[in-house]
Amino acid sequence: MSSGVPITAQPVLEVRDLEVEFRLRGRPLRRGRQMLAVNRVNFTLERGKVLGLVGESGSGKSSAARGAMRLVDGVRGSVRLDGVELVGLSRRDLRHRRRDMQMVFQDPYSSLDPSSQIRDSVGEPLIVHEQLRGGALTDRVAELLGLVGLSTQYLTRYPGELSGGQRQRIAIARAIALNPKVVFCDEAVSALDVSTQNQVIRLLKGLQESLGLAYVFITHDLSVVRHISDRVAVMYLGQIVESGPTGRIFESPAHPYTRALLSAALVPDPAYQRARTRIVLQGDLPDPANPPAGCSFAGRCGDVMERCRVEAPQPTPVAGGGEVACHLYPVAVPVPDPASAPQRVIEAARPQAVGLERNP
Amino acid sequence: MNRPVNGTITGVVDGASAGAAAPVLVVDGLCVEFAGKAGWERVVDDVSFAVRRGETLAIVGESGSGKSVTSLACMGLLPASACHRAGRIVLGGTDVASLSRRQLEDVRGDEIAMIFQEPMTSLDPAFRVGDQIAEVVRRHRGTSWRQARARAVEVLDIVGIPRAADRARSYPHEFSGGMRQRVMIAMAISCEPAVLIADEPTTALDVTIQAQVLDLLRRMKAEFGMALVLVTHDLGVVADVADRVAVMYAGSMVEEASVDDLFYRTAHPYTQGLLSSMPQVHVAGEQPYVIPGRMPSPSALPPGCRFAPRCAYAIDACDEGLPALRRSSTGHAARCFRSDELELYPT
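Chain order of the listed sequences is D and H.
With my numbering as the guide, the letters of the first sequence map in order to residues 924 to 1283.
With my numbering as the guide, the letters of the second sequence map in order to residues 10 to 356.
Given below as structure tokens:
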């Protein structure tokens, strides 16, 4: 859309300095307090690619997605979908834009109306946005069911008659009904059994290729992220602490939190589990309404330094791609050889190897 | 912290200690049926296993495999609508079925305890956690409130709740998810049970918190010699904490083996499929593996082997009769006609 730039080179979604602020419910002594659920988050999603947004509960990953879709109030910063700024758009203009951006939630039972037939649930966006009616509507819904691997006999079923995996397929059918450019999948496979989970991942991968969809894949499950994402962003207490290409994040994680997260992920291999060095983090996520000064991870970090408790680290580039916000990686002063120098920094800063190679 | 437990562990374990390796919990030929649309539906069929002191048995399966019903049966917690058709559950030498309701209540929480996936549903939101734990101690030990509260603080400290004496006066909603699960574990171990059944204890928790809770369970097992029955669908959790593994499919146990035998010398095609389906954090893959077909419902079980319709190795015999659970000389059991000839390594 923006003139001069070829449309393929432009990222489909660009999020800059996104902030989402929630107003806490008034309790007698803390009336009117605000909580910054998402704090200066930046990410870019290329056309047809998958960005994995990883973090634990309370990390702000879902709020970041809802903020980017402008499903919540209190959004600041910039969200550009296909070059068009969404922050500041009127309700009406936003509604037109939203058809390009859809969301699939964790629990399809709560996102599908239990008293509506599948035909009506999947058809609703087509009625609203494309004014389809009657036979044309039924044909399009049947086509969408075909795309998600369900036969037309499901048209007249109710959500309660379907299994969890089938309900999630219906939710996906509705999300792709308007040919969106970006689909946010918020823990979309987390509630499913492994075999069903794999079927849905296969389906999402297939749709990505056939329809050219780009996904923001939000999950706490690192193994799923590794399978599906091109790039990964790790969130902690409302901020992205590390981002980069999936391979780099998993093979040489830079941030101590990413390393702890990877070391805590269980591998279905008993010998590997017995042999691995694990980093067990102490304590819980701090209260997001009352974040600590300095680095938000300082209180649980094994590599914590004096500086971490007073000064918030800024994102710096990491060898192998991406950025990390951690004082172990000082903001780069110009280095003679950009290829090798930052690599040394990473090695020096890794006290415990998280050995991600499989044991024989 | 880590104070030695007062008194004996339990009479059950002492009774069994004549043979040090005598199992504390034996489930033998358990069958459970529920009333379905077309008569009784067998949701657990001929399940047998034994757990020893200090041992962790993992029961693995997907939803609908009967793993949770099996664990509820061990606790004598099945609803009245369930029909316990056959089999015995022997806890420390006593057949649970022979106990009256009152006697069962004496055993539950004292000799066998259970923790669930969502601790918030098992804790009463209206009472302080210390009092809820103290109530269990008083019920089983008959101590004074003062002693019971002291024990509550002690177990909260054992499970790693900081400032246990203060936190005992908090309500469940004032704890985070991981801390609530610790409170549940504290309550479960307050009377030093011989057996702890944990049904998906970490499924609702974040990975870093999951690591903390699994470490805690491992420590409880090592320090108190507790037997742990871990019900889970996550083979990563199994690889991390289990000594032995029982795999359930459509109500029946299809394989039972030591954790290494199960992962490295897999004997049942379903186990192989499950292992291949697990996404792995250290392996980048394009297409995750999917076992074709779906698990049959208890009302429409296939005539022969329950896995045969989905099995890549099925032969005619598999459709005709249900294979028996055959145990090899190494103690590796599998319910498959072809387990001796197949070489099943996770693909």
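C-beta: ideal position from N, C-alpha, C; glycine also.
This structure is a prediction, so every number in the text was calculated from the model and none was measured.
Would Pro1211/D and Leu1160/D be called neighbours here (beta carbons separated by less than 8 Å)? yes
His242/H lies in the beta strand (DSSP E); which residues open and close that run? From DSSP, His242/H is part of no beta strand (DSSP E); its letter is neither H nor E.
Do Glu942/D and Gly1000/D come within 8 Å of each other at the CB atom, strictly closer than that value? yes
Between the stretch 1104 to 1130 of chain D and chain H, which residues of the former have CB atoms less than 7 Å from a CB of the latter, in chain order? Asp1116, Val1117, Ser1118, Asn1121, Gln1122, Ile1124, Arg1125
Apart from the five residues on each side of it in sequence, which residues of its chain come closer than 8 Å, Cβ to Cβ, to Arg1090/D? Pro1031, Tyr1032, Leu1035, Pro1082
First and last residue of the alpha helix (DSSP H) that includes Ser285/H? 278 to 286
Residue span of the alpha helix (DSSP H) that contains Leu271/H, given as start and end: 268 to 273
What are the boundary residues of the alpha helix (DSSP H) that Ser986/D is part of? 984 to 991
Give me whichever residues DSSP pairs with Leu974/D in a beta bridge. Val1139/D, Arg1154/D
In chain order, what residues of the same chain have a beta carbon less than 7 Å from the beta carbon of Pro32/H, not counting five sequence neighbours either side? Ala59, Val60, Arg61
What is the DSSP secondary structure of Pro1103/D, reduced to helix, strand or coil? coil
What in chain D is Cβ-close to Gly187/H, meaning under 8 Å? Asp1207
Using a Cβ-based criterion (distance less than 7 Å to any ligand heavy atom), does Ala177/H qualify as near the ligand HEM? The ligand HEM is absent from the structure shown, which contains no ligand whatsoever.
So which of Ser153/H, Asp243/H, Met262/H, Ala203/H has the shortest CA-CA distance to Ala122/H? Ala203/H
For Val41/H, which residues in the same chain have their Cβ closer than 8 Å to its Cβ, ignoring the five residues on either side in sequence? Arg51, Val52, Val53, Gly75, Val78, Thr79, Ala82, Leu87, Ala91, Cys92, His93, Arg94
When the Cα atoms are used, what is the spatial distance from Pro128/H to Ser1166/D? 34 Å
Below 9 Å on C-beta distance, what does Val52/H contact in chain D? What Val52/H touches in chain D: nothing, since even the nearest Cβ is about 17 Å away.
Out of Val116/H, Pro181/H, Gly63/H, which has the shortest C-alpha to C-alpha gap to Pro134/H? Pro181/H
Roughly how many angstroms lie between the CA atoms of Arg993/D and Leu1009/D, to the nearest whole one? 8 Å
Candidates Cys314/H, Tyr354/H, Val116/H, Met193/H, of which the one nearest Ser285/H by Cα: Tyr354/H
Which one of Met188/H, Asp243/H, Val256/H, Glu114/H has the shortest CA to CA distance from Thr280/H? Val256/H
What does Met1026/D pair with, by DSSP beta-bridge criteria? Phe1107/D
Taking a contact to mean a Cβ-Cβ separation below 8 Å, would you say Leu968/D touches Val1105/D in this structure? yes
By Cβ distance, which residues of its chain are closer than 6 Å to Leu283/H, with the 5 residues on each side in sequence left out? none
Taking only three categories from DSSP, how would you classify Cys1231/D? helix
Chain D contact residues for Asp269/H, given Cβ-Cβ distances below 7 Å: Pro1193
Given a cut-off of 8 Å, decide if Leu239/H and Ala207/H are closer than it, judged by their beta-carbon atoms. yes
Identify whether Val4/H lies in helix, strand or coil by the three-state DSSP scheme. Limits of chain H in this structure are 10 at one end and 356 at the other, which puts residue 4/H out of reach.
CA-to-CA distance, Glu265/H to Thr65/H, given in whole angstroms: 13 Å
Sort Val1027/D, Arg1003/D, Glu944/D, Val1148/D by Cα distance to Arg1020/D and report the nearest one. Arg1003/D
May I have the straight-line CA-CA distance separating Ala1065/D from Gly1087/D, to the nearest angstrom? 20 Å
Identify the continuous alpha helix (DSSP H) that holds Val1120/D and give its terminal residues. Correcting the residue type first, residue 1120/D is Gln in the shown sequence and not Val. First-last of the alpha helix (DSSP H) with Gln1120/D: 1117 to 1134.
Length of the line joining the Cα atoms of Gly990/D and Ala1059/D: 34 Å
Span of the alpha helix (DSSP H) around Gly1170/D: 1169 to 1174
Assign Arg336/H to one of three DSSP states: helix, strand, or coil. strand
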